[in-house]
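K.L.:
Residue numbers (the numbering used here), protein chains in the order written: chain S, 1190 to 1327; chain E, 1190 to 1327.
Protein chains: 2
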Amino acid sequence: MLGYQLKHLQSALRSRMDESLRELGLSTPQYVCLEQLRRRPGASNSELARRGFVTRQTMNTLLRGLQDRGLVTRPEKAETGRALPTTLTDAGGQLLDRAAERIARIQERMISRLDSAQRERLAGDLELCIAALEEGEG
Amino acid sequence: MLGYQLKHLQSALRSRMDESLRELGLSTPQYVCLEQLRRRPGASNSELARRGFVTRQTMNTLLRGLQDRGLVTRPEKAETGRALPTTLTDAGGQLLDRAAERIARIQERMISRLDSAQRERLAGDLELCIAALEEGEG
DNA sequence: AAATCTATGTCAGAATGCTTACATGAGTCA
DNA sequence: TGACTCATGTAAGCATTCTGACATAGATTT
């Protein structure tokens, strides 16, 4: 039953995010990617894929779209190894600012009926669930 | 941040479910569909779609696959209206039994680090989040 | 009764993401 | 040094799911 609730909540959250980001010409996965790049400037494609819970092929096509729109940049060749460090452009950073504000409002709305103690508990409980499911394969 | 945790948890849960169901030749959406049919025998395609958080087109293709495998049945024509009431076949029910047992183990593992009070709290908190996101368009 | 609205099933096409596969660069070990 | 392992980037094909569109059946309104 909890799994069903999780799916329900994620579906509702995703819908709200898509609706709000559409006005900026962004999809939810694209927003997630930009957000990761702000937290981890210079991250490689594979690293972004792991953090975004998609395959690196999926992240690759995602990055190309963002690259074509001038929101992120990647060097043609790697200085060392094969990883291509990706960074936000100024335009990407500005668009991300606008997107992040919208997403923050949605997340705030999502937890608006929880007091601060409930919010902390919820985050902690979710973390315990994640750890339990991932133990044994990292 | 909570949105990211939700995605993380859902991704992990989905992976475990896919892994376990693959041995039965089922995908997670197919399992969800069968489970809904057990709870709501005779449900229409559109009803199943709403409860599964997918479009009715998606549910339609899903149902056809289950139908071709003899796991569910639908009448050719509706007695009244256009809705075609779908029901589990014996084979579908038996396969669902095996699948449900596996899924139950995974969900139990997911919440294994939470005591009963935490589990109830978590379910309640998730419900509050869902309601907050859906108020105004339900 | 006729028109309108709503819900349903279905088709076609596009978008999205995954699986499989391959080539390359770097580290490890014999 | 050479073989092996691992991680990365990329390409091709497939599966899944969505959007848009249309026809039909029943309910509602006029």
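Heads up, the beta-carbon is just placed ideally off N, CA and C, and yes, glycines get one too.
#1: So with CB distances below 8 angstroms, who are the chain E contacts of Ala1320/S?
#2: Pick helix, strand or coil for Thr1275/E, following the three-state DSSP scheme.
#3: Enumerate in chain order the residues of its own chain whose CB-to-CB distance from Arg1308/E is below 8 angstroms, with the five nearest sequence positions on each side excluded.
#4: Below 8 angstroms on the Cβ atoms is my guess for Glu1273/E versus Ser1233/E; work out the distance and round it to an integer in Å.
#5: Could you tell me if Arg1271/E is buried or exposed, where buried requires 16 or more neighbouring beta carbons within 10 angstroms of its beta carbon?
#6: Taking Cβ positions only, does Asp1286/E come closer than 8 angstroms to chain S?
#7: Tell me the residue span of the alpha helix (DSSP H) that contains Arg1203/E.
#8: For Leu1213/S versus Ala1288/S, is the C-beta distance shorter than 8 angstroms?
#9: State buried or exposed for Arg1211/S, treating a residue as buried only when at least 16 other CB atoms are found within 10 Å of its CB.
#10: Three-state secondary structure (DSSP) at Thr1244/E?
#11: Whose C-alpha, out of Ala1320/S, Ser1200/S and Ser1305/S, is nearest the C-alpha of Val1243/E?
#12: I need the DSSP call for Ala1232/E, collapsed to helix, strand or coil.
#13: Since Ala1306/S is in the alpha helix (DSSP H), which residue starts that stretch and which ends it?
#14: Does the segment 1312-1327 of chain E come close enough to the segment 1254-1270 of chain E that 3 or more CB-CB pairs lie under 8 angstroms?
#15: What does Ser1200/S touch in chain E if you count any residue whose Cβ is under 7 angstroms from its own?
#16: Tell me whether Thr1262/E sits in a helix, a strand or coil according to DSSP, three-state version.
P.N.:
Reading it off the structure:
#1: Arg1302
#2: strand
#3: Ile1300
#4: Rather than Glu, the amino acid found at residue 1273/E in this sequence is Leu. Yes, they are in contact, since the Cβ atoms of Leu1273/E and Ser1233/E sit about 6 angstroms apart, within 8 angstroms.
#5: exposed
#6: no
#7: Leu1191 to Arg1211
#8: yes
#9: exposed
#10: coil
#11: Ser1200/S
#12: strand
#13: Ser1305 to Glu1323
#14: no
#15: Phe1242
#16: strand
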